[in-house]
Amino acid sequence: MKKFFIILSLFFALFFPFWIIQFLALIIIAVAVLSFIYSRIIYQSVHITRSLNIIRAYKNRIIEIDLEIKNKSLLPVHYISVYDRPGKLSVVTTGKFIFSLGAKEKKRVSYTVKGSKRGDYTLG
Numbered sequence: 167m168k169k170f171f172i173i174l175s176l177f178f179a180l181f182f183p184f185w186i187i188q189f190l191a192l193i194i195i196a197v198a199v200l201s202f203i204y205s206r207i208i209y210q211s212v213h214i215t216r217s218l219n220i221i222r223a224y225k226n227r228i229i230e231i232d233l234e235i236k237n238k239s240l241l242p243v244h245y246i247s248v249y250d251r252p253g254k255l256s257v258v259t260t261g262k263f264i265f266s267l268g269a270k271e272k273k274r275v276s277y278t279v280k281g282s283k284r285g286d287y288t289l290g
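According to my numbering, the stretch in the sequence shown is residues 167 to 290, in order.
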């Protein structure tokens, strides 16, 4: 549907005789292009690291998993949704987070899991 509006706006900007409609069509095209550039910059500049990738757990031991989210860009991230999969571990508190990041900001979030039996578990 988004492609349809961009193509329609491009058609109006090139072939419609009234300048006000051409101007509005160009604004729609500019917003679409700028939002695409913004999303690519944010996608490349947000980095998520986990404190542990492999966990050695004992039976019924509660383990806290830390995630660090960094925005390395000069642009703010207005909405970011982070979800970490606990693998075969039982979830005590959820690993789903929604927040915003400022420019060059770093946040730490954590959640807890519990092992059902003794062994090594992988996360992610």
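Even glycine gets a Cβ: it sits at the ideal position worked out from N, Cα and C.
Item, Value
"Distance cutoff 8 Å, beta carbons only. Does phenylalanine 184 sit that close to anything in chain B?", "The question asks about chain B, but that chain is absent: this structure has only one protein chain."
"With three or more beta-carbon pairs closer than 8 Å as the criterion, would you say the region 193-210 touches the region 237-254?", "yes"
"What does the alpha-carbon distance come out to for the pair glycine 281 and asparagine 219?", "15 Å"
"In the structure shown, what three-state DSSP assignment does valine 248 receive?", "strand"
"Helix, strand or coil: how does DSSP classify phenylalanine 184 here?", "coil"
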